[in-house]
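Chains as they are written, first to last, in my numbering: chain A, 706 to 815; chain B, 2 to 116.
Built from N, CA and C at the ideal position, the CB exists for glycine as well.
Quick notes on the structure that follows.
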């Protein structure tokens, strides 16, 4: 079956620090990979996606590259802001049934 | 363009009562998905519906849970005779009537607390 493993949090950073959240996956076939972000009390928002190997998804300064050889999709941002404080979820789907990781809570301090 | 709407945002029920969760998809979207998020866990797929049809309910518990998406009105997730283990956040997502069903737009969720 399909599954996603994310690095455990919580992660606490200072403003302008570099952020990496590791995500690895197990899947049959060639799934699409996603990062979603959940702000307190809100639903999930799609942050970025990649649909095939070596694709790089990017949005709002965040990036992630689909690495088939290492089955990974690590999320990175070069300089975080306080407003980036949220829970980040890695997910995959071969069709419509999204499989999510457990989420990583990120807190950015001024 | 209004996003996916869910109500209520918070719902408290006593054991044995019924819970009804509503989801209005984004305008123009005809595919609806329900997910459940237990504390400290990621979201788990429950059911996928199109108008008047259940396409995939492989993630739904076999008993007490049902879902519908009528021709008119919102999608409803119904939980009968709730138990404490049903306490969770329930998220609805929608996607347009195209082949890109993997890109789903989520609502704010309904947080169910069973006392």
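>> For the beta strand (DSSP E) containing residue 845 of chain A, name the first residue and the last one.
In response: Residue 845 of chain A lies beyond the range of chain A shown here (706 to 815); nothing can be said about it.
> Are the C-beta of residue 22 of chain B and some C-beta of chain A separated by less than 7 Å?
Replying inline: Chain A, which has no Cβ nearer than 7 Å to the Cβ of residue 22 of chain B, makes this no.
>> For residue 716 of chain A, which residues in the same chain have their Cβ closer than 8 Å to its Cβ, ignoring the five residues on either side in sequence?
In response: Excluding residues within five positions, the ones whose Cβ falls inside 8 Å are 724, 726, 809, 810, 811 and 812.
>> For residue 57 of chain B, report the span of its beta strand (DSSP E) as first-last.
In response: 54 to 57
>> Can you pull out the residues from the region 729 to 754 of chain A whose beta carbon lies closer than 9 Å to at least one beta carbon of chain B?
In response: 736, 737, 739, 741, 743, 746, 747, 748, 749, 750, 751 and 754
> To the nearest angstrom, how far is it from the Cα of residue 11 of chain B to the Cα of residue 729 of chain A?
Replying inline: 33 Å
>> Once DSSP output is grouped into helix, strand and coil, what is the label at residue 65 of chain B?
In response: coil
>> Let's see if you can read the secondary structure: which residues bound the beta strand (DSSP E) around residue 34 of chain B?
In response: 32 to 38 is the extent of the beta strand (DSSP E) around residue 34 of chain B.
>> Against residue 771 of chain A, what residues of chain B qualify as contacts under a CB-to-CB distance less than 9 Å, listed in chain order?
In response: Near residue 771 of chain A there are no residues of chain B at all, since even the closest Cβ is about 14 Å away, more than 9 Å.
>> In the DSSP assignment, the beta strand (DSSP E) including residue 6 of chain B goes from what residue to what residue?
In response: DSSP places residue 6 of chain B inside the beta strand (DSSP E), whose first and last residues are 6 to 8.
>> If the cut-off is 9 Å on Cβ atoms, which residues from the region 37 to 66 of chain B count as contacting chain A, listed in chain order?
In response: Result list: 38, 41, 42, 43, 44, 45, 46, 49, 56, 57, 59 and 60.
> Out of curiosity, what's the CA-to-CA distance linking residue 738 of chain A and residue 88 of chain B?
Replying inline: Roughly 29 Å separates the two Cα atoms.
>> Check whether the region 765 to 783 of chain A and the region 25 to 44 of chain B touch, using three or more Cβ-Cβ pairs below 8 Å as the test.
In response: No, the region 765 to 783 of chain A does not touch the region 25 to 44 of chain B.
>> Can you check whether the C-beta of residue 109 of chain B is within less than 7 Å of a C-beta belonging to chain A?
In response: yes
>> Quick check on this structure: which residue in B:18, B:106, B:57 and B:96 has the alpha carbon closest to the alpha carbon of residue 85 of chain B?
In response: B:18
>> Using 8 Å for Cβ pairs, my map puts residue 113 of chain B next to residue 805 of chain A. What's the rounded Cβ distance?
In response: Actually they do not touch by this definition, with Cβ atoms about 19 Å apart.
>> Buried or exposed, going by whether 16 or more other CB atoms sit within 10 Å of the CB of residue 3 of chain B?
In response: That one is exposed.
> Under three-state DSSP, which class holds residue 86 of chain B?
Replying inline: helix
> Taking Cβ positions, are residue 111 of chain B and residue 7 of chain B nearer each other than 7 Å?
Replying inline: yes
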